[in-house]
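Numbering (the numbering used here), first residue to last: 1 to 222. Let me begin by presenting the structure, written as structure tokens, before commenting on it.
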């Protein structure tokens, strides 16, 4: 049975992360800390010989992937890094670019959470409920639902899995909420009420019939 090891890395910190703005399909550059985050992830994964390197098609993910590749003992040609839109962050629709603290307060206050934040809602009701509220409240209903995100995430996993050989190691540079959803799909016992840190690593071991999260949001040597 074919087994493929995925190393999902959250991109380095960006200006929008620093300023607490919602950053789904919108983009902003890496900060100085973000570059350090990417290089730290590269140090964590320096010994892993990746068969393929993937990232979402956002600038922050692309640049993080390049920094990680540059730190690797078995680097690929940058042209071999493949961008896949299926690994994008949650799309916030109408709320893209808005202040995250203010927006979460407005959204989740209506749902009687003790603390009106995405993290608190996820802890109390699960990440699916927390995500679906964005689509319900979006006046255009353009924000992605949990199921919409899962559908495209599975497409990305299917595509990369079919290309891989048994025992391959794959790097995927992606985003905080997407990695939380990925983790909840394969292990609903892991606490995803807080986003993995920028530059952290989450490992998924995937077979044709099942998947196992080896660890979530690791920031120390692999």
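Each residue gets a CB set at the ideal place from its N, CA and C atoms; glycine is no exception.
Tell me the residue span of the alpha helix (DSSP H) that contains residue i.
i           : result
residue 35  : 32–44
residue 60  : 59–71
residue 261 : Residue 261 lies beyond the residue range present for the chain, which begins at 1 and ends at 222; the question has no answer from this structure.
residue 49  : It is not in any alpha helix (DSSP H) - residue 49 carries neither H nor E in the DSSP assignment.
residue 161 : 146–163
Could you tell me which residues DSSP pairs with residue i in its beta bridges?
i           : result
residue 212 : 205
residue 99  : 21
residue 54  : 82, 172
residue 14  : 30
residue 221 : Partner(s): none; residue 221 has no beta bridge.
For the beta strand (DSSP E) that residue i lies in, which residues bound it at each end?
i           : result
residue 125 : No beta strand (DSSP E) holds residue 125; the alpha helix (DSSP H) holding it covers 118–125.
residue 9   : 3–10
Under 8 Å by Cβ, that's how I've got residue i and residue j pegged, so tell me the actual separation to the nearest angstrom.
i           : j           : result
residue 41  : residue 9   : 5 Å
residue 94  : residue 138 : 5 Å
residue 217 : residue 196 : 3 Å
Please determine, among the options, the residue with the shortest C-alpha to C-alpha distance to residue i.
i           : options           : result
residue 54  : 177, 198, 66      : 66
residue 25  : 101, 222, 218, 86 : 86
residue 98  : 158, 20, 39       : 20
residue 103 : 179, 157, 133     : 133
residue 128 : 113, 177, 165     : 177
residue 190 : 28, 122, 27, 175  : 122
residue 111 : 125, 152, 100     : 125
residue 156 : 171, 167, 142, 18 : 171
residue 180 : 141, 105, 198, 18 : 198
residue 188 : 88, 74, 215       : 215
residue 175 : 117, 12, 165      : 12
residue 153 : 168, 184, 136     : 184
Would you kindly check if the distance between the Cβ of residue j and the Cβ of residue i is under 8 Å?
i           : j           : result
residue 186 : residue 144 : no
residue 34  : residue 58  : no
residue 45  : residue 62  : no
residue 192 : residue 222 : no
residue 49  : residue 82  : no
residue 22  : residue 96  : yes
residue 161 : residue 206 : yes
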